[in-house]
Amino acid sequence: MISGFGALILAVLLLLLIIVWVRAASTRREFPFTGDGLRPSDDKNLNACPPEFVSRIFGDDDIEFISRLKSSQLEKLFRQERNAVALVWVQQTSSAVRQIMRQHLETSRQSEDLEFATEASIFLQYAQLRFICAFLFALIDLVGTQRLRSLAIYTVNLTERIGETQRAFQLAAQTREISSARSS
Amino acid sequence: MSTNLQRVPVQEAYDDLLHRTLSRISSDLGRLIYLASTRDYNSGNYHHEGLADRFSEEVARKALEDAHRGFFYRVSGQSLEDLAEELEIYLRSSREDAGTFLRTWHKLEPYRIAIPTDVDPTVERLFLCNVRLALAILRLRQEPNPLRQ
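In order, the protein sequences belong to chains A and B. Numbering that gives the first Met the number 0 puts the first residue of the first sequence at 0, with every later residue one more than the last. Numbering that gives the first Met the number 0 puts the first residue of the second sequence at 0, with every later residue one more than the last.
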């Protein structure tokens, strides 16, 4: 038997899931990516968006300027446009993170001596990023980009960190492979 | 090695383009639109007669492509206030009637062709969003009533 509070939490979670799904569908329609969120044969899209642009998207400067113009319609247009850009960024980040994880899994499969600490660290960062992306997807339209600035900056930093961890892991695996080939 | 050897003339061609041609244009948005206009719509290749004569077709193409991408990122990273200012400068330099210009840009969205190929998808979207907003700001300044509360 589910208590009233439990039912409420379930309903909120379901609502969040529906919002994420609807947002994802509408963003895909507007900005046609392929199935995994990437344009075909476009390696540049595997990278995360440069951080200075993320600061601009989630920053206060532009909305403060718009507010000074005292036009409610312009403010509405600004929020619609900025939210749409932010949703594209979330989708791009999510795709980049998935791609990093795919590369990591490929490297791991070929590696003979996996370190538990590295694997756990990458997996936790990955899980955290996927959760944050889903959370951002659901919240951007509800609370606006400015209130999510800190979380967006945190996401940028964490994406950079998981990318660096993967690159270091890949480099170590290649070095081990070369030295084992030389010794045999 | 060959890439390093090629970079030098590309950099020279880039500097030449910057000093001889782009410095005569009064805004970064104007420079961006000019650079986009040097790209062939069908092949996507860039061409500049004078630059190709001074360097080579290939070097000129690469310099134009680099410059186009550089100015695109620069304009996309501008604040809305700065972009609205740039758009106003560009509008004045076009010598077109402001109302006609704003209506045409709003309807035909010619700024879409200013986007280079292979740019970051979020930045691409930010650029489009910002130009649309800058247009709305200029329309508001032109005819204060429609967009005001």
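Cβ atoms here follow ideal geometry from the backbone N, Cα and C, with glycine treated the same way.
Check: Is the CB-CB distance between A47/A and T158/A below 8 Å?
Finding: yes
Note to self: Tell me which residues share the same chain as S120/A and place their Cβ nearer than 7 Å to its Cβ, disregarding the 5 neighbours each side in the sequence.
What the structure shows: T164
Margin query: What ranges does the alpha helix (DSSP H) occupy inside the segment 17-65 of chain B, keeping only unbroken runs of at least 4 residues that lie completely in it?
Written below: 27-36, 48-53
Note to self: Count Cβ pairs between the segment 46-60 of chain A and the segment 66-86 of chain B that sit closer than 8 Å; are there 3 or more?
What the structure shows: yes
Item checked: Closer than 7 Å at the beta carbon, the chain A residues around G76/B -> E51, F52, R55
Notebook entry, point to check: Since L139/B contacts L101/B with CB under 8 Å, what's their CB separation in whole angstroms?
Noted result: About 10 Å; that fails the 8 Å criterion.
Next item on the list: Pull up the CB-CB distance for R160/A and Q102/A, whole angstroms please, since I reckon it's below 8 Å.
Entry: That pair is no contact at about 15 Å.
Note to self: Output needed in chain order: residues of the segment 61-86 of chain A with a Cβ under 8 Å from some Cβ in chain B.
What the structure shows: D61, F64, I65, L68, K69, S70, S71, Q72, L73, L76, F77, E80, R81, A83, V84
Item checked: Spatial distance of N44/A from F4/A (CA atoms) -> With a pLDDT of 45 at N44/A, under the threshold of 50, the predicted position of this residue should be treated as unreliable, and no value is reported.
Item checked: Identity of the residue in T99/B, T121/B, R60/B, G29/B nearest Y13/B by Cα -> R60/B
Notebook entry, point to check: What did DSSP end up calling A47/A once you bin it into helix, strand or coil?
Noted result: coil
Check: Going straight from the alpha carbon of L13/A to that of A133/A, what length do you get?
Finding: 13 Å
Notebook entry, point to check: C48/A versus chain B: which residues are under 7 Å apart at the beta carbon?
Noted result: D119, T121, V122
Item checked: Beta-carbon contacts of T116/B that lie in its chain and below 8 Å, excluding the five residues immediately before and after -> G43
Notebook entry, point to check: Are any of the Cβ atoms in chain B nearer than 8 Å to that of Q91/A?
Noted result: yes
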